[in-house]
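Oh and the sequence shown: position 73 is 86 in the working numbering, straight run, nothing missing.
The beta carbon of each residue, even a glycine, is placed where N, CA and C say it ideally should be.
Here is the structure we will look at.
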Amino acid sequence: MRQSLIFRPILSLHEPRASPPHFSSLPSRRTQTPTRMRARTKPAKPKPPGPNLRRLTARIVELTKRRQLKQIFSEVEAARKRNGKLNTIVMNAVMEACVHCGDVDSARKVFEEMSDPGGCGIDCVSYGIMLKGLGQARRIDEAFQILESVEDGTSTGNTTLSARLVYGLLNEILETGDVRRANALVARCRNVLCDEGDSVLLYNLLMKGYIKTSFPLGALTVRDEMIRQGLRPDRLTYNTLISACVKSEEMEKAVQLLSDMKEEAIRYNINELIPDGVTYTTLLQGFGKRKDAHMVMKLVVEMKRTLVCIDRIAYSTMVDALLASGSIKGALCIFGEIIKKSGRDKDLIPKPHLFLSMMRAFASRGDFDSVKQFNSRMWLDSSGSIYLSNRSEANELLMEAAINSSQVDVAKRLLSSIVNEQSFSWTSRGGMAAIKVEALSGFNSSKLKPYALPEVLLDQPVEKYMVPFEETRPLNGRLMLRDVVIRFFEEAAIPIIDEWGNCIGIVRRRDCVKLDVPLSSLITGPPPFMTTSTAVARVIDLMLDKKYEMVVVVKSTDLYSNQYGSISRPVGVFSLDWLYKLGSNCESLTSDRNLTYNDS
């Protein structure tokens, strides 16, 4: 009570001077202590939460990995209508998506939109992304203009020329192998690089650029210049030089660089110069390509003796190098070590690539059981996704192993399943194995159902088998597609002529995407011409190789004539549809032969 009596007068000094209300007008309370009346104020409205742009940025990054640029623009436009102007971070993510997808023009439009007075503004990250995109597109002149505007202070924003911007553009230029422009950029921005940049990093980038050229050993001259400047090479320098020697197949120089690297690490007591996993894997790739099994095994033993961190990539490189050098037993030992250690360390679980590498080696030897076992274990012991291409290659390797081990029936069954489930190229490894299976199976029992040309002599001129040009009912190029669209439901390709009867091109069914356009606008290029004296085998090979649906046949004398338009006056056409009509399936041929034999 004493404290309250002392405290009340102090409070009363801050109260407005007014007559106190009568106590009878106050409501009765449990405590009789009078209180000060406060004016009622309206509660402040809570501020509406700002737009959650972090989620939008994460969404843009996710779509960038999928290369869905159109979806990114649609979602950004929807967010702009919903939330108004977006910030610089979101628009930088959009620019990065454009550069990642290779659409530099769209990135330039976004950059200009950000730099407008009503835009969100640009920062050093925006300039870095823009320079990166222009460097990847080899639009170096535009990138130099942006750098000059930043250096002169005439660019938008408060960005100043820094070594980070120069290094970003320099790296992209060197990725394309343009050493001349890279040296020009270094000479242009030498002051900035000397004040802020790292000289060792600069020389490492120049060495990397020489590796992209046709003369990788030029990186050694950069190393000599680096030493003359009094700079000490680091681990990245040696790894880059070793990579240049491996690419040039100068393995003796690569081994000498490895020895120099070890000596300098011991002499100067620098742990950062000790060879790492990148150093040894680069050397393993070189000696594996050289098929030097002795050096590969020597490097593998050295990696295990030293303190090198052997990760999954290093183990996979060991196996690939041993297989390339012909040491399958050594590859099996390393593969077993990987499987054993992966039980304790999940990061060592091999990828499907490693199983396929082992399957390729055993398939070439005809070891069908080993290939089959690796194929089954790939689904159980590998990490990551097993794509359709991996599964297709595994099936083809099984077929190759079966045919190399003289198991023709097994190879036939595998080929039947491959034909029903997937397609393959005849020039691939699986295609060559399929050719062996077809040759051993015979023409009549073929699984691929080839077409035969029983009435066609392949060395005869195409003039004997072509369709006369008038019978193809060519269309005038001025006609609208909507007036003749019914023709393309019946024919896959139709020749197009002008007013003088010259063939100006061929319109294919798959090119008809708009109805309100003339036929001449649907022509993708000049029609392929063949002379009447060309062998029909040559015409068929050309159509299958270039995927032509129709070839225009002209007279042999007209092809070398000097008269205008004579080369465009056709006498006939040869199309894939007509080729299928001339041919017949092998099954129908077999049934016809059996019917003829029974009738006789």
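Can the beta-carbon of residue i be found closer than 9 Å to that of residue j?
i           : j           : result
residue 596 : residue 469 : yes
residue 295 : residue 340 : no
residue 511 : residue 490 : yes
residue 88  : residue 67  : no
residue 277 : residue 286 : yes
residue 410 : residue 373 : yes
residue 528 : residue 495 : yes
residue 183 : residue 159 : no
residue 149 : residue 199 : no
residue 266 : residue 224 : no
residue 175 : residue 205 : yes
residue 403 : residue 379 : no
residue 312 : residue 293 : yes
residue 540 : residue 564 : yes
residue 474 : residue 588 : no
residue 375 : residue 414 : yes
residue 335 : residue 352 : no
residue 11  : residue 244 : Absent from the model: residue 11. The displayed extent of the chain is 14 to 613, so no value can be given.
residue 526 : residue 493 : no
residue 141 : residue 121 : no
residue 133 : residue 96  : no
Have a look at the options and flag the residue whose alpha-carbon is nearest the alpha-carbon of residue i.
i           : options               : result
residue 522 : 304, 134, 536 and 506 : 506
residue 344 : 328, 185, 559 and 213 : 328
residue 310 : 320, 392, 331 and 264 : 331
residue 98  : 110, 119, 85 and 127  : 127
residue 193 : 153, 217 and 171      : 153
residue 253 : 421, 122, 220 and 201 : 220
residue 291 : 326, 567 and 337      : 326
residue 171 : 188, 135 and 201      : 135
residue 568 : 129, 229 and 542      : 542
residue 422 : 247, 447 and 401      : 447
residue 191 : 202, 228 and 161      : 228
How would you call residue i, buried or exposed, if buried means at least 16 neighbouring beta carbons within 10 angstroms?
i           : result
residue 519 : buried
residue 549 : buried
residue 593 : exposed
residue 477 : exposed
residue 77  : buried
residue 297 : buried
residue 299 : buried
residue 318 : exposed
residue 304 : exposed
residue 117 : buried
residue 370 : buried
residue 322 : exposed
residue 165 : exposed
residue 516 : buried
residue 279 : exposed
residue 258 : buried
residue 382 : exposed
residue 131 : exposed
residue 603 : No answer about residue 603 holds up, because its pLDDT of 44 lies below 50 and its placement is not dependable.
residue 34  : The pLDDT assigned to residue 34 is 46, lower than 50, so where the model puts this residue is not dependable, and the model offers no usable value.
residue 575 : For residue 575, the predicted model reports a pLDDT of 43, less than 50, meaning its position is unreliable and no value from the coordinates is stated.
residue 1   : Nothing can be reported for residue 1: it is not among the residues displayed for the chain, which extend from 14 to 613.
residue 262 : exposed
Open item on the list: Measuring CB atoms only, is the stretch 391-399 touching the stretch 415-428, in the sense that at least three cross pairs come out at less than 8 Å?
Closed with: no
- [ ] Please specify which runs of the alpha helix (DSSP H), each continuous and at least 4 residues long, are wholly inside the stretch 369-396, giving them in chain order.
- [x] 381-394
Open item on the list: Which runs of the alpha helix (DSSP H) at least 4 residues long sit entirely within the stretch 324-360? Give them in chain order.
Closed with: 325-337 and 341-355
Open item on the list: Taking contact to mean 3 or more Cβ pairs, one atom from each stretch, closer than 8 Å, check whether the stretch 552-562 and the stretch 530-537 are in contact.
Closed with: no
TODO: Would you mind listing the alpha helix (DSSP H) stretches within the stretch 157-234 that are 4+ residues and don't spill past its ends, in chain order?
DONE: 176-188, 192-201, 203-209 and 212-224
Open item on the list: Measuring CB atoms only, is the stretch 199-216 touching the stretch 236-245, in the sense that at least three cross pairs come out at less than 8 Å?
Closed with: yes
Task: 4-residue-minimum alpha helix (DSSP H) runs that sit fully inside the stretch 62-120, ordered along the chain - done: 66-79, 82-96 and 101-113
Open item on the list: What ranges does the alpha helix (DSSP H) occupy inside the stretch 241-279, keeping only unbroken runs of at least 4 residues that lie completely in it?
Closed with: 248-260
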